[in-house]
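J.:
Protein chains in written order, with our numbering: chain A, 212 to 564; chain E, 212 to 564.
Right, dumping it as structure tokens:
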């Protein structure tokens with residue numbers, strides 16, 4: 212981990228014209244906090260209390276949890292395991308990705324996943340269906356991959372066009388190939404003591420992995436998860452609970468989210484609202500995992516926008532003991548965990564440990 | 212609801228010799244809090260602070276949430292629905308109960324369930340297998356009921372003998388007949404937003420029903436669930452979350468459980484430790500749902516023991532705005548919810564609303 216003081220500033224005046232979100236990622240619970248914040252969000256520094264300002268003037272101390280580097284380390288480990296698997300069995304893990312329609316962001320995610328597969332030795336298979344395809348066509352694609360022994364993981368890129376029932380589609384993925392971990396049977400096992408899910412959803416798994424690899428103890432700690440989406444917030448809370456943290460989920464109906472969050476030794480924020488979590492929300496010495504990836508206007512950037520998290524990074528750095536940056540924190544971990552799940556699936560089929 | 216001041220006292224000196232628990236009910240997470248309390252537990256009054264004693268001297272104010280009367284009301288409603296169903300379709304709901312071995316407490320529970328079925332018009336079918344039966348025999352019984360259209364709910368009385376794999380057994384119950392709601396697919400759907408479980412586990416469902424029928428608002432409230440068993444604590448937390456409470460689960464690794472619990476507008480305690488939750492744990496005006504049913508020595512009782520909850524009732528009454536007694540609180544709701552689930556299952560098959 213590197214010192215945070217030299218990192219970019221998310222809370223500078225240039226984000227005053229922040230807007231909500233052309234590039235928001237699909238796994239964020241983006242509708243949750245609209246009622247509790249002003250839109251467009253204020254720049255972080257505008258409303259801070261004098262007590263907090265005094266704390267801010269102290270030297271920044273947070274360590275940066277470098278997701279990019281940790282994810283690379285994990286991909287390297289996966290690469291080595293796959294080489295060994297190939298030598299021993301002749302088999303390599305296979306991942307199928309189903310993309311419906313032509314959303315630019317979805318195409319980018321799928322392309323990135325394919326690249327990451329190639330780099331570690333996972334074979335990837337892509338099916339592109341047109342925006343107006345039928346639900347049956349999607350189900351047929353999934354059925355084909357369910358029955359194909361060379362495929363160990365199946366991923367349906369979300370969101371799907373509106374005329375297709377997402378629940379039906381996700382339920383049709385074989386539980387043994389549900390590398391996204393979104394099947395309710397996997398979620399149920401994740402929630403239950405003494406049960407083991409076959410797969411854990413990639414983004415929350417990445418959050419926990421960041422904590423583990425940064426030496427953050429979870430057991431007995433107070434944790435707050437902000438947001439309760441099916442794919443980040445809720446499973447993140449279940450994972451923290453499995454690690455024996457005392458977990459509270461903060462959501463749009465929570466009164467005093469700031470007060471509750473400030474009690475947490477560990478905060479995982481997955482609200483999808485730029486700079487919502489101010490420095491004053493963070494317990495001194497707390498650890499912050501920021502899942503949010505939100506685009507805010509930035510005329511100085513050649514793209515006209517830049518990406519910031521849910522957490523007002525500049526402020527939080529002065530209070531937290533460790534924090535993930537955006538970008539370069541949780542983001543790279545999601546694909547690394549997808550590769551990890553695909554490898555686990557292949558090992559399970561091959562009966563390898 | 213009646214005033215609590217005339218209720219029995221759980222925290223009197225006669226419970227000084229409290230012991231842990233010949234009659235503890237199977238759904239309580241009994242191993243959770245052993246490390247955090249002294250055993251045998253102290254009588255409530257021994258260690259209370261002077262500030263709390265001063266509060267206690269004030270008039271008691273908690274309303275008693277009368278589970279016995281609410282459960283009767285629900286059973287009456289079920290009885291009326293079943294009569295209508297029978298008139299309209301000729302079908303009545305059928306419940307199968309599988310009992311393995313001859314544990315006295317399990318036999319009592321099964322007998323009580325049969326009686327409750329008869330009283331509302333649910334036909335009950337019981338299978339008694341010997342303590343040394345094979346797992347296959349249990350699975351065969353379940354398979355028979357899975358295929359029997361006159362059976363709408365299947366209940367395997369827990370605990371099972373050690374040589375039988377509980378997970379295998381519970382997983383073999385058809386999801387459409389899982390009136391206990393213990394199948395991981397049901398739990399997964401309970402955890403996920405936008406999904407609906409076919410059945411909700413009976414005891415936590417009963418807790419929420421008590422809150423609803425007592426006019427306690429849940430949305431936006433802070434709730435603490437003490438205990439995280441698969442059959443009470445965890446699903447109770449998921450249900451409160453679905454009702455938009457801000458939920459924290461307190462468990463054996465939680466530091467300062469008293470401080471955390473005292474923040475809660477609603478406490479559901481399912482720890483299985485007599486009198487663990489003292490008056491000082493309760494927020495003034497909070498609502499307390501006590502799932503614990505613990506036996507403590509009582510030489511004055513003809514049985515030699517009496518039943519008390521997790522919550523020190525006498526103390527909590529002086530702080531809470533409403534509280535469930537033990538017995539007569541959550542207890543009677545569990546069977547009422549089992550009947551409700553069985554009726555729902557039959558209605559689903561018959562396509563009735």
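Here a beta-carbon is modelled for each residue, glycine too, at the ideal position from N, C-alpha and C.
Computed from a prediction, not measured in an experiment: that's the story for all the values here.
(1) Hey, would you say residue 489 (chain A) sits closer than 8 Å to residue 526 (chain A), going by beta carbons?
(2) For residue 373 (chain E), name the three-state secondary structure that DSSP assigns.
(3) Between which two residues does the beta strand (DSSP E) holding residue 336 (chain A) run?
(4) Can you tell me whether residue 481 (chain A) is helix, strand or coil according to DSSP?
(5) Would you grab the beta carbon distance between residue 547 (chain E) and residue 285 (chain E) for me? Rounded to a whole angstrom, and I think it's under 8 Å.
(6) From the beta carbon of residue 279 (chain A), is the nearest beta carbon of chain E less than 8 Å away?
(7) Which residues, taken in chain order from the region 523 to 546 of chain A, show a beta carbon closer than 9 Å to some beta carbon of chain E?
(8) Taking only beta-carbon positions, decide if residue 320 (chain E) is within less than 8 Å of chain A.
(9) With 7 Å as the limit, tell me which residues of the region 410 to 437 of chain A have their beta carbon closer than that to any beta carbon of chain E; keep them in chain order.
(10) Check the C-beta distance from residue 331 (chain E) over to residue 293 (chain E) and give it rounded, since I have them as a contact under 8 Å.
(11) Which class does residue 320 (chain A) belong to by DSSP, given the choice of helix, strand or coil?
(12) For the beta strand (DSSP E) containing residue 505 (chain E), name the first residue and the last one.
(13) Is there a C-beta anywhere in chain E that falls below 8 Å from the one on residue 515 (chain A)?
(14) Check whether the Cβ of residue 367 (chain E) lies closer than 8 Å to any Cβ atom in chain A.
(15) Hey, how far is the Cα of residue 364 (chain A) from the Cα of residue 387 (chain A)?
(16) From A:420, A:358, A:377 and A:372, pick the residue whose C-alpha is nearest to that of residue 441 (chain A); which is it?
(17) Any beta carbon from chain A within less than 8 Å of residue 559 (chain E)'s own beta carbon?
(18) Let me check understanding here. Comparing Cα to Cα, which of E:307, E:479, E:549 and E:341 lies closest to residue 354 (chain E)?
(19) In the DSSP output, what is residue 561 (chain A) paired with across the bridge?
(20) Check whether the Cβ of residue 461 (chain E) lies closer than 8 Å to any Cβ atom in chain A.
(21) Residues of chain E with a CB under 7 Å from the CB of residue 286 (chain A): which are they?
(22) Considering Cα atoms alone, identify which of A:459, A:373, A:487 and A:297 is closest to residue 445 (chain A).
(23) Distance, Cα to Cα, residue 448 (chain E) vs residue 304 (chain E)?
(24) Just checking: is the beta-carbon of residue 457 (chain A) within a distance shorter than 8 Å of some beta-carbon in chain E?
(25) In whole angstroms, what is the alpha-carbon distance linking residue 463 (chain A) and residue 453 (chain E)?
(26) Check whether the Cβ of residue 504 (chain E) sits closer than 7 Å to any heavy atom of the ligand ZN, and report yes or no.
(27) What does DSSP give as the partner residues of residue 353 (chain A) in its beta bridges?
(28) Between the alpha carbons of residue 404 (chain E) and residue 398 (chain E), how many angstroms are there, rounded?
(29) Examine chain A for any beta-carbon lying closer than 8 Å to the beta-carbon of residue 297 (chain E), and answer yes or no.
(30) Just to confirm the assignment, what range does the alpha helix (DSSP H) spanning residue 472 (chain A) have?
(31) Counting only Cβ pairs nearer than 9 Å, list the residues of chain E close to residue 400 (chain A).
(32) Is it buried or exposed for residue 299 (chain E), if we count other Cβ within 10 angstroms and need 16 for buried?
(33) Is the separation between the beta-carbon of residue 275 (chain E) and that of residue 311 (chain E) shorter than 8 Å?
(34) Give the C-beta separation of residue 544 (chain A) and residue 282 (chain A) to the nearest angstrom, bearing in mind that I take them to be a contact with Cβ-Cβ under 8 Å.
(35) Can a CB atom of chain A be found closer than 8 Å to the CB of residue 565 (chain E)?
(36) Under the DSSP definition of a beta bridge, which residues are partnered with residue 191 (chain A)?
T.: Looking at the atomic coordinates:
(1) Within the first chain, residue 489 (chain A) is the residue found at index 278, counting from 1. Within the first chain, residue 526 (chain A) is the residue found at index 315, counting from 1. Yes. Within cutoff.
(2) Residue numbering aside, residue 373 (chain E) sits at position 162 when the second chain is read from its first letter. Residue state, collapsed to three classes: coil.
(3) As a position in the first chain, residue 336 (chain A) is number 125, starting the count at 1. Residues 334 to 340.
(4) What you label residue 481 (chain A) is simply residue 270 of the first chain in a count that begins at 1. It is coil, neither helix nor strand.
(5) Along the second chain, one-based indexing puts residue 547 (chain E) at 336. Along the second chain, one-based indexing puts residue 285 (chain E) at 74. With a Cβ gap of about 4 Å, residue 547 (chain E) and residue 285 (chain E) count as contacting.
(6) The sequence position of residue 279 (chain A) within the first chain is 68, counting from 1. Closer than 8 Å: no.
(7) The residues in question: there are none.
(8) Position 109 of the second chain holds residue 320 (chain E). Not closer than 8 Å to any Cβ of chain A, the Cβ of residue 320 (chain E) fails to qualify, so no.
(9) 430 and 431
(10) What you label residue 331 (chain E) is simply residue 120 of the second chain in a count that begins at 1. What you label residue 293 (chain E) is simply residue 82 of the second chain in a count that begins at 1. 6 Å between Cβ atoms; contact.
(11) Translated into the one-based positions of the first chain, residue 320 (chain A) becomes position 109. It is helical.
(12) Here residue 505 (chain E) refers to the residue found at position 294 when the second chain is read from its first residue. 505 to 508 is the span of the beta strand (DSSP E), which, as asked, contains residue 505 (chain E).
(13) On the first chain, residue 515 (chain A) is found 304 positions in, with the first residue counted as 1. Closer than 8 Å to the CB of residue 515 (chain A) there is not a single CB belonging to chain E.
(14) Translated into positions along the second chain, residue 367 (chain E) becomes position 156. Not closer than 8 Å to any Cβ of chain A, the Cβ of residue 367 (chain E) fails to qualify, so no.
(15) The residue labelled residue 364 (chain A) in the question sits at position 153 within the first chain. The residue labelled residue 387 (chain A) in the question sits at position 176 within the first chain. Cα to Cα, residue 364 (chain A) sits roughly 8 Å from residue 387 (chain A).
(16) For the purposes of this step, residue 441 (chain A) is taken as residue 230 along the first chain, with counting starting at 1. Looking at the Cα atoms, A:377 is the closest of the given residues.
(17) Here residue 559 (chain E) corresponds to residue number 348 of the second chain, with the count starting at 1. False, the Cβ-Cβ gap to chain A never drops below 8 Å.
(18) Looking up residue 354 (chain E) in the second chain gives position 143. Nearest neighbour of residue 354 (chain E) by Cα position, chosen from E:307, E:479, E:549 and E:341, turns out to be E:307.
(19) Counted from its first residue, the first chain places residue 561 (chain A) at position 350. In the DSSP output, where bridge partners are listed per residue, residue 561 (chain A) has none listed.
(20) Sequence index remark: in the second chain, residue 461 (chain E) carries index 250 (1-based). Chain A, which has a Cβ nearer than 8 Å to the Cβ of residue 461 (chain E), makes this yes.
(21) By 1-based counting over the first chain, the position of residue 286 (chain A) is 75. Ordered by position in chain E, no residue passes the 7 Å Cβ test against residue 286 (chain A), which lies about 30 Å from the chain.
(22) For this step, residue 445 (chain A) is matched to residue 234 along the first chain. Per the Cα distances, A:459.
(23) For the purposes of this step, residue 448 (chain E) is taken as residue 237 along the second chain, with counting starting at 1. For the purposes of this step, residue 304 (chain E) is taken as residue 93 along the second chain, with counting starting at 1. Cα to Cα, residue 448 (chain E) sits roughly 29 Å from residue 304 (chain E).
(24) Position 246 of the first chain, counting from 1, holds the residue named residue 457 (chain A). Closer than 8 Å: yes.
(25) Numbered from 1 along the first chain, position 252 holds the residue referred to as residue 463 (chain A). Numbered from 1 along the second chain, position 242 holds the residue referred to as residue 453 (chain E). Distance between the alpha carbons of residue 463 (chain A) and residue 453 (chain E) is about 12 Å.
(26) Among the ligands in the structure shown, none appear at all, so the ligand ZN cannot be discussed.
(27) On the first chain, residue 353 (chain A) is found 142 positions in, with the first residue counted as 1. Residue 353 (chain A) is not bridged to any residue.
(28) By one-based count along the second chain, residue 404 (chain E) stands at place 193. By one-based count along the second chain, residue 398 (chain E) stands at place 187. In a straight line, the C-alpha of residue 404 (chain E) is about 12 Å away from that of residue 398 (chain E).
(29) Position 86 of the second chain, counted from the first residue, corresponds to residue 297 (chain E). Chain A, which has no Cβ nearer than 8 Å to the Cβ of residue 297 (chain E), makes this no.
(30) Reading the first chain from its first residue, position 261 is the one you call residue 472 (chain A). Here the alpha helix (DSSP H) through residue 472 (chain A) covers 468 to 472.
(31) Within the first chain, residue 400 (chain A) is the residue found at index 189, counting from 1. Correct list: 395, 398 and 399.
(32) Counting from one through the second chain, the residue named residue 299 (chain E) turns up at place 88. With fewer than 16 other Cβ atoms within 10 Å, it is exposed.
(33) Here residue 275 (chain E) corresponds to residue number 64 of the second chain, with the count starting at 1. Here residue 311 (chain E) corresponds to residue number 100 of the second chain, with the count starting at 1. Not closer than 8 Å, so no.
(34) For the purposes of this step, residue 544 (chain A) is taken as the residue at position 333 of the first chain. For the purposes of this step, residue 282 (chain A) is taken as the residue at position 71 of the first chain. 5 Å between Cβ atoms; contact.
(35) The shown model of chain E, from 212 to 564, leaves out residue 565 (chain E), and the question about it has no answer.
(36) With chain A covering only 212 through 564, there is no way to say anything about residue 191 (chain A).
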